[in-house]
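Scroll down for the structure; my scribbles are underneath it.
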Amino acid sequence: MQRRIGVHTSIAGGVSIALERAGELGCSTVQIFSHNPRQWQAVPLPEEQASRFRELRVLYGIDPVFIHTSYLINLAARSDEILEKSLRLLVREMDLADTLGADYVVLHTGSAQDSPGEARARAVKALRRVAGEGEWKAGLLLENTAGERGDISSTIGELAEILTAAAVPLLAGVCLDTCHAFSAGYDVADSAELAAEIERNLGTAKVKLIHLNDSKRSLGARVDRHEHIGEGAIGGEGLKKFVSHPAFRAIPLVLETPKKSEDDDRRNLETVRRLLRQ
Ligand SMILES: [Zn+2]
Ligand SMILES: [Zn+2]
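Here the sequence shown is numbered in the working numbering, starting from 954 and rising by one per residue.
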């Protein structure tokens, strides 16, 4: 099968419009928010929007579909109020994903205000609670973060620790973000080393999605700043080495590169396709 390549498209105008955008860009996979990611309240999704979404997906052959969760969710929060709101919203994200027929939901596990170990333990407990709240077709993926202050899952080992400790079928695997990995100190271009690290800790089969982003900042900078493909510190060749490693060759790629206009998406997609052809 041809490699699945897509971008994160905007839902301005409705979720089905996000698929129209992906279709126009020639995407074979897509990531969207299912609601405004900066609000705790996810407004109800009109059924005609959801059914249009499911239709367009088949029409455009967009598969798999990924939903990125709200930035507000913090399963490691110390505040009971934030933690409860996070749990409720994550359950809602899973419900919305099933309504849309999405395959996976991508989550940044959380950020610690205290010791990362305790924060991870809280996140594990929270994930187990969410898993007890329902059964969903969509699977939940944990994304590696850039290693900024308080990040509780920026290393492969930490992701593996959370997956193993939570041990719930809800957790289908991980999403690997190349900008975040690089910021957290992994030399993405050294794909053999990274593949070995993933195989040792997680098993490559657990990687269901790659967020393909270049990085504005240097290796190990621990700052999350995405850059256009080939214009950042990883560079086009580095990214190419990573995604064409045999371990990662079949994993869908979704770009979360800077976007001032849809032309930016078109240009970055073209760069990726060119890199993969070379
Ligand atoms: Zn990402
Ligand atoms: Zn990021």
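Where a beta carbon is used, it is the ideal one built from N, C-alpha and C, also for glycine. Computed from a predicted model, the values in this text were never measured in an experiment.
8 angstroms contact criterion, which residue i and residue j should meet: CB distance rounded
| i | j | result |
| --- | --- | --- |
| Ala-1125 | Gly-1092 | 3 angstroms |
| Leu-1206 | Ile-985 | Actually they are not in contact, since the Cβ atoms of Leu-1206 and Ile-985 sit about 16 angstroms apart, beyond 8 angstroms. |
| Arg-1170 | Glu-1101 | Contact doesn't hold; Cβ gap of about 11 angstroms is too wide. |
| Leu-1165 | Val-1127 | Actually they do not touch by this definition, with Cβ atoms about 15 angstroms apart. |
| Ile-1182 | Leu-1208 | 7 angstroms |
| Leu-1025 | Trp-993 | 6 angstroms |
| Ala-1079 | Ile-1105 | Not a contact, Cβ separation roughly 12 angstroms. |
| Gly-976 | Leu-1009 | 7 angstroms |
| Asp-1218 | Val-960 | 5 angstroms |
| Ala-1076 | Ala-1029 | 5 angstroms |
| Phe-1195 | Thr-1131 | 6 angstroms |
| Thr-1062 | Ile-1109 | Rounded, the Cβ-Cβ distance is 13 angstroms, inconsistent with contact. |
| Val-1059 | Thr-1022 | 6 angstroms |
| Ile-1151 | Ile-1204 | With 8 angstroms as the limit, Ile-1151 and Ile-1204 do not qualify as a contact, their Cβ atoms being about 11 angstroms apart. |
| Val-1141 | Leu-1192 | 7 angstroms |
| Leu-1228 | Gly-1185 | Actually they are not in contact, since the Cβ atoms of Leu-1228 and Gly-1185 sit about 14 angstroms apart, beyond 8 angstroms. |
| His-1179 | Thr-1157 | Their Cβ separation, rounded to whole angstroms, is 24 angstroms, which puts His-1179 and Thr-1157 out of contact at 8 angstroms. |
| Ser-969 | Arg-1005 | 4 angstroms |
| Leu-1123 | Val-1160 | That belief does not hold up - the Cβ atoms of Leu-1123 and Val-1160 are roughly 17 angstroms apart, past 8 angstroms. |
Ligand 2 heavy atom lying under 6 angstroms from the CB of residue i
| i | result |
| --- | --- |
| Asp-1143 | no |
| Asp-1177 | yes |
Cβ of residue i within 7 angstroms of any chain C Cβ
| i | result |
| --- | --- |
| Leu-1155 | Absent here is chain C; the protein component of the structure consists of one chain. |
Identity of the residues DSSP links to residue i by a beta bridge
| i | result |
| --- | --- |
| Glu-1096 | Cys-1128 |
| Leu-1208 | Val-960 and Leu-1165 |
| Tyr-1057 | Phe-1019 and Gly-1092 |
| Val-983 | Val-960 and Val-1018 |
| Val-1160 | Val-1127 |
| Glu-1180 | Asp-1167 |
| Asp-1104 | Ser-1064 |
| Inter-stretch contact at 8 angstroms, needing at least 3 Cβ pairs: the region 1045 to 1058 / the region 1009 to 1018 | yes
| Does the region 1145 to 1156 come within contact of the region 1039 to 1052, defined as at least 3 CB pairs closer than 8 angstroms? | no
| task | Anything with a beta carbon under 6 angstroms from a heavy atom of ligand 1 counts; list them all in chain order. | result | Glu-1096, Asp-1130, His-1164 and Glu-1209
| query | So, do the region 1126 to 1140 and the region 1064 to 1075 have three or more beta carbon pairs nearer to each other than 8 angstroms? | reply | no
| Is the region 1079 to 1092 touching the region 1043 to 1051, taking contact as three or more C-beta pairs under 8 angstroms? | yes
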